Amino acid sequence: MATRSILAGCGAYLPDRVIDNNELAKLVDTSDDWIKQRTGIEKRHVVADGELTSDLAVKAADRALVRANIPASDIDLIIVATTTPDRTFPATATKVQADLGITSGAAFDIQAVCAGFVYALSVADNLLRAGQSRRALVIGAETFTRLLDWTDRGTCVLFGDGAGAIILDSYEIEPAATQFGVLSTHLHSDGRYRDILYVDGGPSMNSKTGHVRMSGKEVFRHAVSKLGSVINEALVANNLTSDDIDWLVPHQANKRIIESMAKKLNMPMDKVICSIDRHANTSAASVPLALTEGVSDGRIVDGDLVLFEAIGGGLAWGAGLVRMGYPK
Ligand code: ACO
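Quick note on numbering that gives the first Met the number 0: the sequence shown kicks off at 0 and runs consecutively.
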């Protein structure tokens, strides 16, 4: 028998307030046309005053628990991937744990910016496979708009807020059925590129939260090549080809990057879950948000093979392959 992490359910939450491109064009010198053409973004959700990352995370987690039909008390591992924690410490995951009424197990945050969800998925999967935890709540949650410089048109048009969550359930399966659950995850980082996408503040640097700074063109170039190669790595590791993939659920940074990945995989865009038009880039939340959309509207069903990929500041990037649902 082998232990696998089954993706038992997912859920998402978006704050109520929506800002469209035309509203942004009143703040900075931009236009709906420019943003749509260069990024595919039409609007984004933005948190209200006083609304915290943990608030979004708990709402997404509640929905994932309901969908998985698993009580919160069964969860013994909570990982929140976020770049926008409620506080510098303690971990936002501990607030989520308390809000869900959970008083045992481990809860901690992971910081890998836009790649955070794939990193958290990998860590949770490995803890489950090793038998250290049994049921994990993996959340990507961001109030990323709080990091924006609303006078910088090169970045403020790109991001939004939101949260997505999945439940991973450790499950003993026959060796013949090991193609279920998380098949593999693949993580990379290269700190030589930390200065092309960063925040110009931090507790040890200047005690300020800081704002996002980005060399967009350079990030774009690295994204296309690094995501292409990590996708290939995931396929080779599982002896699969792109024809075996039912759905690509990519990080939603730029529609042109997403289209370029689909092209590399020779996948039509109707096999790609794309929510960037309505959500913009929600950093660590973008992959579980898109996944939840695909599951909720019935496109992604049990048995489907789903490929996740993401890249963000660091640079940090990764991919994961998951066959949805429990083995029959
Ligand atoms: N509205 C209008 N014009 C703009 C805007 C805007 N919002 N932003 C930039 N421009 C202008 C620039 O000033 C420039 O003008 P110039 O030619 O007169 O100098 C022109 O548009 C072209 O700018 P570029 O930066 O070259 O535009 P590009 O086609 O590269 O698109 C973009 C910019 C959308 C940022 C793109 O580079 C991109 O998406 N990069 C990747 C970002 C990304 O993937 N981030 C993911 C990680 S995020 C994370 O980890 C937190």
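Each residue gets a CB set at the ideal place from its N, CA and C atoms; glycine is no exception. It should be emphasised that the depicted structure is a prediction, and the values quoted were computed from it without experimental measurement.
Let me know if residue i comes out buried or exposed under the rule of 16 or more other beta-carbons within 10 Å of its beta-carbon.
i: Pro287; result: buried
i: Gln131; result: exposed
i: Glu173; result: exposed
i: Ser121; result: buried
i: Ser169; result: buried
i: Ala47; result: exposed
i: Thr240; result: exposed
i: Asp54; result: buried
i: Met204; result: exposed
i: Glu22; result: exposed
i: Met0; result: exposed
i: Gly139; result: buried
i: Val65; result: exposed
i: Lys94; result: buried
i: Glu141; result: buried
If you draw a straight line from the alpha carbon of residue i to that of residue j, how long is it in whole angstroms?
i: Asp301; j: Leu51; result: 33 angstroms
i: Val211; j: Ser282; result: 12 angstroms
i: Ala261; j: Thr87; result: 37 angstroms
i: Ser72; j: Gly180; result: 22 angstroms
i: Gly153; j: Thr29; result: 9 angstroms
i: Gln36; j: Ile256; result: 13 angstroms
i: Thr184; j: Tyr192; result: 22 angstroms
i: Arg128; j: Leu314; result: 27 angstroms
i: Val79; j: Lys25; result: 34 angstroms
i: Val137; j: Ala7; result: 11 angstroms
i: Asp269; j: Val57; result: 31 angstroms
i: Ala59; j: Ser285; result: 12 angstroms
i: Ala105; j: Arg133; result: 11 angstroms
i: Asp151; j: Ala90; result: 29 angstroms
i: Arg220; j: Ser214; result: 10 angstroms
i: Val328; j: Thr2; result: Here the chain comprises residues numbered 0 to 327, so residue 328 is not present and cannot be evaluated.
i: Val235; j: Leu304; result: 15 angstroms
i: Ile5; j: Lys263; result: 28 angstroms
i: Thr31; j: Glu41; result: Before going further, note that residue 31 is Asp rather than Thr in the sequence given. One C-alpha to the other measures close to 7 angstroms.
i: Gly161; j: Ala233; result: 27 angstroms
Reducing DSSP to helix, strand and coil, say where residue i ends up.
i: Lys42; result: strand
i: Asn205; result: coil
i: Arg298; result: coil
i: Asp73; result: helix
i: Gly190; result: helix
i: Phe158; result: strand
i: His210; result: coil
i: Ala325; result: According to the sequence as given, residue 325 is Tyr; it is not Ala. If DSSP states are grouped into helix, strand and coil, Tyr325 belongs with coil.
i: Cys9; result: strand
i: Val271; result: strand
i: Asn125; result: helix
i: Leu55; result: helix
i: Val27; result: coil
i: Asn280; result: strand
Can you give me the Cβ contacts of residue i inside the same chain, cut-off strictly under 7 angstroms, excluding the 5 residues immediately before and after it?
i: Trp316; result: Ala114, His187, Lys225, Leu226, Val229, Ala309, Ile310
i: Ser259; result: Val223
i: Ser103; result: Asp75
i: Asn237; result: Leu182, Ser183, Leu320
i: Thr291; result: Cys9, Gly10, Ala11, Gly163
i: Gly100; result: Ala71
If you drop the 5 nearest sequence neighbours on each side, which residues of the same chain put their C-beta closer than 6 angstroms to that of residue i?
i: Gly159; result: Arg43, His44, His278, Ala279, Thr281
i: Asn253; result: Thr38
i: Lys207; result: Gly200
i: Arg298; result: none
i: Leu306; result: Ile244, Leu247, Leu320
i: Asp189; result: Leu314
i: Asp19; result: Lys42
In the DSSP output, what is residue i paired with across the bridge?
i: Val79; result: Asp108, Ile138
i: Leu306; result: Leu247, Leu320
i: Ile172; result: Ala1
i: Ser183; result: Leu320
i: Tyr118; result: Per DSSP, none; premise fails for Tyr118.
i: Val17; result: His44
For residue i, I'd like the list of residues in its chain whose CB is within less than 8 angstroms of its CB, leaving aside the five on either flank, ordered along the chain.
i: Val112; result: Thr82, Leu196, Ser282, Ala283, Gly311, Gly312, Gly313, Ala315
i: Ser274; result: Gln251, Ser285, Leu288, Ala289, Glu292
i: Val27; result: Trp149, Thr150, Asp151, Arg152, Cys155, Val156
i: Met266; result: Ser241, Ile244, Leu247
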